[in-house]
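Report on the following structure.
Residue numbers (our numbering): 1 to 391.
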């Protein structure tokens with residue numbers, strides 16, 4: 001017997017032992033544990049019986065527990081959906097009020113039958129663009145303290161008043177000179193208040209407050225509306241150094257008109273891009289993808305469909321997982337057994353969240369082949385080394 005034959009016979013028991021260990025590792029693949037892996041010790045496996053476990057918080061199950069996607073879980077998630085507007089959003093609701101004159105507004109004052117009181121002199125500005133980019137108009141500029149100077153009335157504080165209130169105040173001041181004055185006050189240029197609409201709108205920039213109430217939707221529409229890449233479920237409003245997330249789709253589902261949200265001067269509205277919230281589909285899938293959600297909505301079935309579906313040659317459709325990061329950073333794992341076609345109905349009703357990871361496990365044979373592909377080159381290298389050392 002030559003040395004080569006003897007070396008092969010000595011290597012064979014070691015190779016058999018390695019393959020047996022791989023078989024033991026693969027044997028547990030039918031047990032639902034962590035995606036793509038399994039525990040060597042059976043005592044380390046989850047004690048959860050598939051199809052029976054429903055956590056107290058259906059959207060945030062305990063970390064380390066595999067939660068089966070079952071009809072009971074889907075019903076629990078549906079029951080957990082908010083039935084009312086979030087308190088931080090409800091605080092933004094307000095009733096529209098009449099526009100009040102503010103600093104830098106330009107007002108026109110007309111006293112009927114007295115053309116000599118038309119605005120002349122230093123208080124008049126020309127009809128051209130000013131440094132703010134807003135077209136001016138003839139009239140009286142309201143100063144920083146809310147005053148204007150009007151003939152026979154002197155300095156009159158009209159800041160904070162409506163047009164009607166300002167007209168009545170000026171009339172009361174000049175009636176000692178003019179009998180029964182008929183006064184009209186109109187705002188020629190609105191310049192005192194503005195909100196800013198940024199992000200995924202067609203014309204981002206400043207939106208000037210006028211006598212038309214500036215609601216959230218009014219501001220967005222004045223900015224050209226939301227673009228095709230905008231996420232209607234992810235609109236933020238920043239006011240007084242606090243940012244509130246507004247889900248326009250949720251408001252619509254609750255039957256709440258978003259025009260109830262009234263903007264204030266200095267507000268910043270940002271419409272975010274839907275690419276900021278993606279779902280990642282990977283594993284034995286035809287097209288591993290990072291999928292943007294559609295206005296914050298995407299079901300498990302839609303995600304699998306958009307990614308081309310599981311690879312029928314290598315995927316184990318009974319081992320489909322959704323990995324979701326919890327608030328404390330610990331992941332929650334949901335499991336779907338799609339070996340039964342009726343399970344696709346569950347996949348259609350199971351809603352994903354931004355940054356969820358959908359993972360499709362391989363069949364045991366694929367895992368076996370991958371392990372063998374790692375073991376055999378090592379065994380062959382060991383055999384080749386033995387032949388070199390003992391020719």
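A virtual CB, placed ideally from N, CA and C, is assigned to each residue, including glycine.
Would you mind stating whether residue i and residue j have Cβ atoms separated by less than 8 angstroms?
i, j, result
"residue 324", "residue 332", "yes"
"residue 201", "residue 225", "yes"
"residue 185", "residue 111", "no"
"residue 85", "residue 346", "no"
"residue 103", "residue 154", "no"
"residue 216", "residue 269", "yes"
"residue 360", "residue 283", "yes"
"residue 344", "residue 279", "no"
"residue 89", "residue 72", "no"
"residue 267", "residue 300", "no"
"residue 276", "residue 291", "no"
"residue 262", "residue 94", "yes"
"residue 281", "residue 304", "yes"
"residue 203", "residue 171", "no"
"residue 310", "residue 294", "no"
"residue 350", "residue 74", "yes"
According to the neighbour-count rule (16 or more other Cβ atoms, all chains shown, within 10 Å of its Cβ), is residue i buried or exposed?
i, result
"residue 67", "buried"
"residue 80", "exposed"
"residue 228", "exposed"
"residue 182", "exposed"
"residue 250", "buried"
"residue 56", "exposed"
"residue 118", "exposed"
"residue 177", "exposed"
"residue 315", "buried"
"residue 164", "exposed"
"residue 242", "exposed"
"residue 145", "exposed"
"residue 49", "Note on residue 49: pLDDT 41, under 50, position unreliable in the model; no value is reported."
"residue 149", "exposed"
"residue 218", "buried"
"residue 392", "Nothing can be reported for residue 392, as the shown portion of the chain is limited to 1 through 391."
"residue 321", "buried"
"residue 319", "buried"
"residue 240", "exposed"
"residue 252", "exposed"
"residue 166", "buried"
"residue 362", "buried"
If distances are taken between C-alpha atoms only, which option among the options comes closest to residue i?
i, options, result
"residue 209", "202, 224 and 191", "191"
"residue 264", "283, 196 and 276", "196"
"residue 231", "143, 171, 206 and 199", "199"
"residue 335", "326, 357 and 314", "357"
"residue 105", "142, 92, 113 and 321", "142"
"residue 471", "211, 283 and 305", "Absent from the structure is residue 471, since the part of the chain shown begins at 1 and ends at 391."
"residue 151", "213, 158 and 173", "173"
"residue 312", "339, 343, 248 and 97", "339"
"residue 392", "171, 140 and 114", "Outside the modelled stretch of the chain, which goes from 1 to 391, sits residue 392, for which no answer is possible."
"residue 58", "204, 348 and 326", "326"
"residue 100", "78, 189 and 114", "189"
"residue 138", "293, 287, 291 and 187", "187"
"residue 392", "193, 78 and 287", "As displayed, the chain neither begins before 1 nor continues past 391, which places residue 392 out of reach and without an answer."
"residue 341", "354, 363 and 317", "317"
"residue 247", "256, 75 and 240", "256"
"residue 355", "362, 296 and 69", "296"
"residue 259", "69, 65, 92 and 82", "92"
"residue 274", "235, 113, 147 and 180", "235"
"residue 70", "348, 115 and 82", "348"
"residue 272", "82, 220 and 337", "220"
"residue 179", "233, 205 and 113", "113"
Just grab the DSSP bridge partners of residue i for me.
i, result
"residue 235", "246 and 271"
"residue 189", "106"
"residue 215", "262"
"residue 299", "351"
"residue 285", "310"
"residue 67", "334"
"residue 291", "279"
"residue 321", "335 and 359"
"residue 111", "183"
"residue 230", "273"
"residue 141", "106"
Would a check of beta-carbon distances place residue i closer than 8 angstroms to chain B?
i, result
"residue 334", "The chain labelled as chain B is not found in the depicted structure, where only one protein chain is given."
Within the region 325–370, ranges of the alpha helix (DSSP H) (whole runs, at least 4 residues)
343–349
Unbroken alpha helix (DSSP H) runs of length 4 or more, entirely within the region 148–212: which are they?
163–174
Ignoring anything shorter than 3 residues or poking outside the region 69–102, list the beta strand (DSSP E) runs there in chain order.
none
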